[in-house]
Amino acid sequence: MSDQEDLDYYIMFPSFPPSPKDSTSTAGGQDQREEFVFVYEEDKRPVVILLGWAGCQDRYLAKYSSIYEEKSCITLRYIAPVEYLFWRRDKMPYIGKRLLQVITDQRLDEHPIFFHVFSNGGAFLYQHISLAMQRANTPFKVRGVIFDSAPGERRLTALFKAISAIIGALTNLPMSLVITFFLSVLWFFEVIAQAFSRTPVPTNPIALAEEAYSWPQLFLYSNSDTLIPASDVEKFASRRAERGVRVQLVLFTNSPHVKHYTTYRDVYVNTVCSFIHECLISPSPSRSLLSLDRGDERGSQSYDAPPDLTKRVVLPHEADKQQNYCPLEDRVGGTRATSRVQA
1 MSDQEDLDYY IMFPSFPPSP KDSTSTAGGQ DQREEFVFVY EEDKRPVVIL
51 LGWAGCQDRY LAKYSSIYEE KSCITLRYIA PVEYLFWRRD KMPYIGKRLL
101 QVITDQRLDE HPIFFHVFSN GGAFLYQHIS LAMQRANTPF KVRGVIFDSA
151 PGERRLTALF KAISAIIGAL TNLPMSLVIT FFLSVLWFFE VIAQAFSRTP
201 VPTNPIALAE EAYSWPQLFL YSNSDTLIPA SDVEKFASRR AERGVRVQLV
251 LFTNSPHVKH YTTYRDVYVN TVCSFIHECL ISPSPSRSLL SLDRGDERGS
301 QSYDAPPDLT KRVVLPHEAD KQQNYCPLED RVGGTRATSR VQA
């Protein structure tokens, strides 16, 4: 990818401040919702960067970004090209660097930042953004990361299912098998090449378990996911907690891969909003885990309580519940400004 090639992304700047709220009352007439002042450091609204799964279309990713736009968050959506995720992965470091440049050019680095990443495709892209931040040594105000259906180990069965989902298994089964075989051979030689390379390019998002940064992480996953097993997510999250990261696990019962929002809409919205709210009101983690690995005692974490791991199981009957409360109140008024930028 040359510097002249386009990097397609979408930025949404919802109107602010939000419109007056419509109260939701109980039988006793009491308002169930709490009011939260959605201002952070002189009107610096949170920015949520959404990184789509392999083969995702922007119209699907936009449904997730609307969750945050309705709460007056600025959003940035980007989906890495399929070819860069599967067989031209040497281009991913450049994409990570370019997205950081977009954040800086749009002056979003002055806001608290959250990442919401989907499946291994989004996690793989986030991995290279994280590495780009380390190399640039630039202070970004990242406050947390949300993993939806990720990350998971690389397996041939998962690769075949992912390729089938992208091109359509029922009509293109032979093609799915051919592409899976081709990519498996390519990945085999890639592993060999990486072993002898002085500057290997990370190609497995599971390596994020050793990520240098310690901001909180929320994992949304399912026991019915056929691409990313729940055991992969839990093993990864446990390792992050061992390294001092504050971790939340939310297991959605029986929801398919990257379909937790569709199956448990209200629970999903309340979960991600509550996570962002908690991260905003908590002190920002200042520790680099790399400094601790080097034995640098100066890198201390600023949380009052020690890091921990919590887990919640969402049961099927909760899919029918209407949950009205969300900390990041409320819907914004006015006209939504949209920016599709080709960088």
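The UniProt record's numbering puts the first residue of the sequence shown at 1, with every later residue one more than the last. Beta carbons are placed, not taken as given, at the ideal position from N, Cα and C, and that holds for glycine.
Is DSSP giving L315 helix, strand or coil here?
In the three-state scheme derived from DSSP, where H, G and I count as helix and E and B as strand, L315 is classed as coil.
Any idea if D148 is buried or exposed, counting beta-carbon neighbours within 10 angstroms, 16 or more meaning buried?
Its Cβ being crowded by 16 or more others within 10 Å, D148 is buried.
Classification of T262 by the beta-carbon crowding that lies within 10 angstroms, buried from 16 upward:
Note on T262: under 16 other CB atoms within 10 angstroms of its CB, so exposed under the neighbour-count rule.
Can you tell me whether residue 345 is buried or exposed? The criterion is at least 16 other CB atoms within 10 Å of its CB, across all chains shown.
This structure leaves residue 345 out entirely; the chain is present only between 1 and 343.
Would you report the Cα separation of L280 and P151, rounded to the nearest angstrom?
Near 24 angstroms, if we compare the C-alpha coordinates of P151 and L280.
Among residues of its own chain, excluding the 5 on either side of C56, which ones have a beta-carbon nearer than 6 angstroms to its beta-carbon?
Setting aside the 5 residues that flank it on each side, C56 is surrounded in the same chain by I79, each with a C-beta closer than 6 angstroms to its C-beta; the list follows chain order.
Classify T75 as buried or exposed, calling it buried when 16 or more other Cβ atoms lie within 10 Å of its own Cβ.
T75 comes out buried.
Candidates S214, D308, A212 and P229, of which the one nearest L220 by Cα:
With distances taken between CA atoms, L220 lies nearest to P229 out of S214, D308, A212 and P229.
L220 - DSSP class collapsed to helix/strand/coil:
Looking at L220 - three-state DSSP - the assignment turns out to be strand.
Is the segment 206–222 touching the segment 91–109 in the sense that three or more CB pairs, one from each, lie closer than 8 angstroms?
At 8 angstroms Cβ cutoff, the stretches do not touch.
Between the CA atoms of S238 and P81 - distance to the nearest angstrom
Going from the Cα of P81 to the Cα of S238 covers about 30 angstroms.
For G295, count the other beta carbons within 10 Å of its own beta carbon; 16 or more makes it buried, fewer makes it exposed. Which is it?
Interpretation of G295 is limited by its pLDDT of 49, a score under 50 that renders its predicted location unreliable; the figure taken from the coordinates is listed afterwards. It counts as exposed.
Taking the alpha-carbon of Y213 as reference, which of Q127, R312 and R89 has the nearest alpha-carbon?
Y213 has its Cα closest to that of Q127, out of Q127, R312 and R89.
Would you list the residues sitting across from M133 in a DSSP beta bridge?
Looking at the DSSP assignment, M133 forms no beta bridge with any residue, so it has no partner.
So I113 and F275 are in contact, right, with Cβ under 8 angstroms, and what is the actual spacing, rounded?
That belief does not hold up - the Cβ atoms of I113 and F275 are roughly 14 angstroms apart, past 8 angstroms.
Could you check if D308 is buried or exposed, using at least 16 other CB atoms within 10 Å of its CB as the buried criterion?
Exposed: under 16 other Cβ atoms inside 10 Å.
Across which residues does DSSP place H111 in a beta bridge pair?
DSSP output for H111 lists no bridge partner at all.
Would you kindly check if the distance between the Cβ of G121 and the Cβ of A54 is under 8 angstroms?
Their beta carbons are under 8 angstroms apart, which means A54 touches G121 by this criterion.
Out of R88, K141, S119 and I49, which one is the CA nearest neighbour of P256?
Among R88, K141, S119 and I49, the Cα nearest to that of P256 belongs to S119.
Segments assigned alpha helix (DSSP H), at least 4 residues, entirely inside the segment 229–263:
Listed in chain order, the complete alpha helix (DSSP H) runs (minimum 4 residues) inside the segment 229–263 are 230–242 and 260–263.
In chain order, what residues of the same chain have a beta carbon less than 6 angstroms from the beta carbon of V250, not counting five sequence neighbours either side?
Cβ within range, chain order: L220, T271 and R312.
Rounding to the nearest angstrom, what Cα-Cα distance links T338 and M12 in this structure?
At T338 the pLDDT is 43, less than 50, meaning the model places this residue with poor confidence and gives no usable figure here.
Cβ-based neighbour list, F115, same chain, cut-off 6 angstroms, excluding 5 preceding and 5 following
For F115, where only same-chain residues beyond five positions count, the Cβ hits under 6 angstroms are I49, Y126 and V145.
Starting from T75 and walking both ways along the beta strand (DSSP E), at which residues does that stretch end?
Looking at the DSSP string, the run of the beta strand (DSSP E) that includes T75 is I74 to Y78.
Could you name the residues of the same chain whose beta carbon sits closer than 7 angstroms to that of Y264, not counting the 5 residues immediately before and after it, in chain order?
Excluding residues up to 5 positions away in sequence, F252, S255, V314, E318 and A319 lie with their Cβ nearer than 7 angstroms to the Cβ of Y264 in the same chain.
Simplified DSSP state of L309, which is helix, strand or coil:
In the three-state DSSP reduction, L309 falls in the strand class (E or B).
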